[in-house]
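Residue numbers (the numbering used here): 805 to 1274.
First up is the structure itself, then whatever we jot down about it.
This is how it looks when you write it as structure tokens:
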């Protein structure tokens, strides 16, 4: 694994601050904490153990069981280890959390001497939002732990969903912005892998023209939800047209909640309202089968403007991983395909690129560029290697793609910057937005790219350039 990760670290200018007999930096994350909020961890791996076999993990909180383990309990479980490792805390059945942690803070990864916190993310509650509560509780937990230990914290979130208006104003993203200010920390989040999916479309309505959006639904979909987001002060109605051509009727704001029965399925529709943390309005449509599957074919959503001031609307489906092949908008728009909560203003949002070819990864979720107070706010801020990355797997090694694997290169780099600044006394305030600014300053544009762009932000991660004295 050590040699497998060298290419990614070299491309990210990380080796330059670690290797060499006369290297003045020798940064490996000592004195910092890396927190991985994911599917758990294979604590038995030597990637997360000291030379004497003891664990580098400070705590594991398994949300699936509600149990917290400290270092002594983890060490005790490791000492009793047999071929059956199911009894070791935080067991990672899927392997994703282990792979992410190996890059960010494994002994072969970026921050090889950092302490480790792990949260095995629990499942969403019945009828609840997609793990929003679980992720908020996980962030609260790791920040509180870092405060208790008195160490700077780099948090890795290689997780996201499509539920929300994608403006960075969701409850979860507001929470991330708040908690990012509560300690010496950097929260790094992947932009998701929806760039090639057909999960987003949008347009601009005018008062004198209706617009029809087509949605292809493939066979064997067990359910499907559609979000339409618009400005609250734009007044529109929506008609749903089934694949048979039958118009199922008009839904409009004064109905708030509607229930439409059609053959062997039911459609629930909801007109939302602005909230204290979000200005836009949601129209939510849930397709529910009465048997097993919803009706396949070409569905249509007719948008009927009645009073328009702005007219901009966006539609999202669930992330493509939750959909069958062939389900999606027939005229998709790759803009705003980053997942939530990666648009949180105070997080470091990470896209993916191919370090072998030096090109942006086509699947990497696209973000946005907006001007705020004369400065540009860009999401993602930068990109890291996320194509053909070699990581540990149950059978040995595996090549993986995704912003999930790009993000830990940045998370580990954040820990190295905090080691240089906070732990070694070079800059006591090198965390949060200041750390992000250092990462952006060091980023290098991909060949031929005009930065900033919506896919790689200000360019590829180059840690050496981010160190003031490098």
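Beta carbons are placed, not taken as given, at the ideal position from N, Cα and C, and that holds for glycine.
Do you know offhand how far residue i's Cα is from residue j's?
| i | j | result |
| --- | --- | --- |
| residue 941 | residue 1063 | 34 Å |
| residue 1271 | residue 909 | 19 Å |
| residue 1212 | residue 899 | 15 Å |
| residue 1100 | residue 1189 | 38 Å |
| residue 1217 | residue 838 | 10 Å |
| residue 1237 | residue 938 | 25 Å |
| residue 887 | residue 848 | In this prediction, residue 887 scores a pLDDT of 49, lower than 50, which makes its location untrustworthy; no coordinate-derived value is stated. |
| residue 903 | residue 872 | 21 Å |
| residue 973 | residue 1167 | 24 Å |
| residue 1005 | residue 1072 | 21 Å |
| residue 1241 | residue 1050 | 54 Å |
| residue 1203 | residue 816 | 18 Å |
| residue 812 | residue 1067 | 53 Å |
| residue 1080 | residue 971 | 14 Å |
| residue 1191 | residue 880 | 37 Å |
| residue 897 | residue 1247 | 35 Å |
| residue 918 | residue 1251 | 33 Å |
| residue 1029 | residue 1122 | 7 Å |
| residue 859 | residue 832 | 17 Å |
| residue 1093 | residue 1023 | 12 Å |
Nearest CA to the CA of residue i: which residue from the options?
| i | options | result |
| --- | --- | --- |
| residue 959 | 1135, 1153, 880 | 1153 |
| residue 1086 | 1028, 1119, 954, 918 | 1119 |
| residue 1032 | 1074, 916, 1191 | 1074 |
| residue 829 | 1228, 1241, 1251 | 1228 |
| residue 996 | 1013, 984, 962 | 962 |
| residue 1243 | 1250, 1231, 1253, 1221 | 1221 |
| residue 1273 | 954, 1008, 821, 1097 | 821 |
| residue 1045 | 1088, 1102, 1095, 1082 | 1102 |
| residue 1174 | 1165, 1147, 906 | 1147 |
| residue 1013 | 926, 1107, 976 | 1107 |
| residue 1015 | 1122, 1110, 1171 | 1110 |
| residue 1017 | 841, 1133, 1171 | 1133 |
| residue 1249 | 917, 1117, 1162 | 1162 |
| residue 924 | 945, 1097, 911 | 945 |
| residue 1000 | 882, 1088, 1036, 1164 | 1164 |
| residue 807 | 911, 966, 1214 | 911 |
| residue 862 | 884, 836, 856, 869 | 836 |
| residue 875 | 1053, 893, 1181 | 893 |
What did DSSP end up calling residue i once you bin it into helix, strand or coil?
| i | result |
| --- | --- |
| residue 1033 | strand |
| residue 817 | coil |
| residue 1088 | strand |
| residue 923 | strand |
| residue 1051 | strand |
| residue 989 | strand |
| residue 958 | strand |
| residue 951 | helix |
| residue 1075 | strand |
| residue 905 | helix |
| residue 981 | helix |
| residue 1106 | strand |
| residue 808 | helix |
| residue 884 | coil |
| residue 1004 | strand |
| residue 973 | coil |
| residue 1249 | coil |
| residue 866 | strand |
| residue 1025 | coil |
| residue 1255 | coil |
| residue 795 | Beyond the ends of the chain as shown, which are 805 and 1274, falls residue 795; an answer cannot be given. |
| residue 1097 | coil |
| residue 1241 | helix |
| residue 879 | helix |
| residue 1291 | Since the first residue shown for the chain is 805 and the last is 1274, residue 1291 is missing from the structure and cannot be characterised. |
| residue 840 | strand |
| residue 1125 | helix |
| residue 1146 | coil |
| residue 1224 | helix |
| residue 1038 | coil |
| residue 1152 | strand |
| residue 1067 | coil |
| residue 937 | helix |
Counting contacts by CB-CB distance shorter than 8 Å, is residue i in contact with chain C?
| i | result |
| --- | --- |
| residue 1024 | Although the question refers to chain C, the structure presented lacks it and comprises just one protein chain. |
Does at least one heavy atom of the ligand FAD sit under 7 Å from the Cβ of residue i?
| i | result |
| --- | --- |
| residue 1176 | Questions concerning the ligand FAD fall outside what the structure shown contains, since it holds no ligand whatsoever. |
Q | Inside the region 1182–1215 only - beta strand (DSSP E) runs reaching at least 3 residues | A | 1186–1189, 1193–1197, 1200–1204
Q: Evaluate contact between the region 1137–1148 and the region 1034–1042, counting only Cβ atoms and requiring at least three cross-stretch pairs below 8 Å.
A: no
Q | Contact between the region 1248–1267 and the region 1181–1188 (3+ Cβ pairs under 8 Å) | A | yes
Q: Could you tell me whether the region 1150–1165 touches the region 1196–1211, using the rule of 3 or more Cβ pairs below 8 Å?
A: Note that the region 1150–1165 touches the region 1196–1211; at least 3 beta-carbon pairs, one per stretch, sit closer than 8 Å.
Q: Decide if the region 1114–1129 is in contact with the region 981–993; the criterion is three or more beta carbon pairs, one per stretch, under 8 Å apart.
A: no
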